[in-house]
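Heads up: the sequence shown runs through residues 33 to 254, numbered per my numbering.
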Amino acid sequence: MNRPARRAGRPCSWSLALVLVLGLGLSPALAQQKVHEEYTKKILEFTTDPHFATKYVNYLPFAEGVPTPLEVLGRIAGAKDVLSYSADVYKYMRALAAATPRVKVFDIGKTEEGRDWIVVAVADEATIRDLDKYKAINAKLADPRGLSEDEVQSLLKQAKPIYWATGGLHSGETGSVEMLMELAYRVAVDESPFVKAIRENAITLITPILEVDGRDKQVDVA
33 MNRPARRAGR
43 PCSWSLALVL
53 VLGLGLSPAL
63 AQQKVHEEYT
73 KKILEFTTDP
83 HFATKYVNYL
93 PFAEGVPTPL
103 EVLGRIAGAK
113 DVLSYSADVY
123 KYMRALAAAT
133 PRVKVFDIGK
143 TEEGRDWIVV
153 AVADEATIRD
163 LDKYKAINAK
173 LADPRGLSED
183 EVQSLLKQAK
193 PIYWATGGLH
203 SGETGSVEML
213 MELAYRVAVD
223 ESPFVKAIRE
233 NAITLITPIL
243 EVDGRDKQVD
253 VA
């Protein structure tokens, strides 16, 4: 599990996938937040065509004390000719959760071959602290039998939508796994009005690898 990442077959960029997840077509006014210069330089270096980048993903915001994949893994998400083993992805997600109260990692089981399977929750600090409350609210709304109309309306006012982003459903789908590390960081630290609104009004769940055993085998042979 601690073996170094292997080479992929070709250069790749996950900027387009990030755009689709964050919401193509919206135009937030970027907050005056410091840019992570080294990471941003690498994004521009590994983006193989300008069409793959937009103002949402052609830079990375800087957050004091919160690591990016570069600090934890020694490379950016989507670096040329590199794929990450599940242990590397989980190492990053756990480091992110340790650095900010806006992120929490849950172990949700083991794969057939004994590898970890996780889900990462990202929201503002208060929401992460009260995740059990929002879980209970959504459970009641999922099966509202026995609730009055007034109770339902009250719960709807308290609830927050939950969006679950997953990657690596099939082992050959390599890009999403890398991209989701960067997505978790962006949702956690970006102070632009656009991303801040997502963080404060929704709960983002991320399972970076669904088919973990196949992912590690894919990295072995890449």
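For each residue, glycine too, the CB sits at the ideal point set by N, CA and C.
Check your understanding: So, residue 199 versus residue 184, is the Cβ gap smaller than 8 Å?
Key -> With respect to the 8 Å criterion, residue 199 and residue 184 are not classified as neighbours on the basis of their beta carbons.
Check your understanding: Less than 8 Å separating the beta-carbons of residue 193 and residue 212?
Key -> No. Outside cutoff.
Check your understanding: Rounded to a whole number of angstroms, what is the C-alpha to C-alpha distance between residue 230 and residue 134?
Key -> Going from the Cα of residue 230 to the Cα of residue 134 covers about 12 Å.
Review point. When you compare each of 108, 83 and 64 to residue 72 by their alpha carbons, which one comes out closest?
Key: Of the listed residues, the one whose Cα sits closest to residue 72 is 108.
Review point. Where are the beta strand (DSSP E) runs, 3 residues long or more, that stay fully inside the stretch 109–156, in chain order?
Key: Those beta strand (DSSP E) runs which fall completely within the stretch 109–156 and span 3+ residues are 135–142 and 148–154.
Review point. Within this structure, are the beta carbons of residue 101 and residue 122 separated by less than 8 Å?
Key: Not a contact, by the Cβ cut-off of 8 Å.
Review point. Less than 8 Å separating the beta-carbons of residue 163 and residue 191?
Key: No, the Cβ-Cβ distance between residue 163 and residue 191 is not below 8 Å.
Practice item. Spell out the partners DSSP gives residue 101 in its beta bridges. Key: In the DSSP assignment, residue 101 is bridged to no other residue.
Practice item. Give every residue of the same chain whose Cβ lies closer than 6 Å to the Cβ of residue 157, excluding the five residues on either side of it in the sequence, and list them in chain order. Key: Same-chain partners within the cutoff: 133 and 134.
Exercise for review: Name, in chain order, the residues that DSSP records as bridge partners for residue 67.
Suggested key: DSSP, once it has assigned bridges, lists 93 as partnering residue 67.
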